[in-house]
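To start, the structure under review is shown below, and the notes come after it.
Residue numbers (the UniProt record's numbering): 1 to 120.
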């Protein structure tokens, strides 16, 4: 059996984290209770380095989810925005970039709005 180096293990863990975040649906991102039960108080002492690092996984996932939800809320409440592109990699998209497009908030009636996608 081949032993993994620490840098290989870190790269694998980073890939797992990224894959998990990219697997979230919009409902997951907006779900404030998604990781609530898994987030525990981090103890001051740990029995091993692995246990120490594991104690930060769910707090990091919850912080990432909360930041994404906040950013999406800011975009949703903005009067207009344009998504230029997402940069793909061989790992995420085979063909490189993906054009997203523009959107603009239009107010139809008081307290009613909708997002308009496309060229305007």
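Heads up, the beta-carbon is just placed ideally off N, CA and C, and yes, glycines get one too. Given the structure is predicted, the values throughout are model-derived calculations rather than measurements.
Contact belief for residue i with residue j at Cβ below 8 angstroms, rounded distance in angstroms
i	j	result
residue 34	residue 28	6 angstroms
residue 75	residue 56	Not a contact, Cβ separation roughly 28 angstroms.
Burial state of residue i (16 or more Cβ within 10 Å)
i	result
residue 12	exposed
residue 23	exposed
residue 10	exposed
residue 119	Any answer about residue 119 is weak, because its pLDDT of 43 lies below 50 and its placement is not dependable; what the coordinates show is given next. Residue 119 should be labelled exposed.
7 angstroms CB neighbourhood of residue i in its chain, flanking five on each side removed
i	result
residue 58	35, 38, 39
residue 30	69
residue 64	21
Unbroken alpha helix (DSSP H) run spanning residue i, endpoints
i	result
residue 51	49-54
residue 19	6-23
residue 26	26-30
residue 65	57-77
Cβ neighbours of residue i in the same chain (closer than 6 angstroms, five flanking residues each side left out)
i	result
residue 61	35
residue 66	none
residue 52	46
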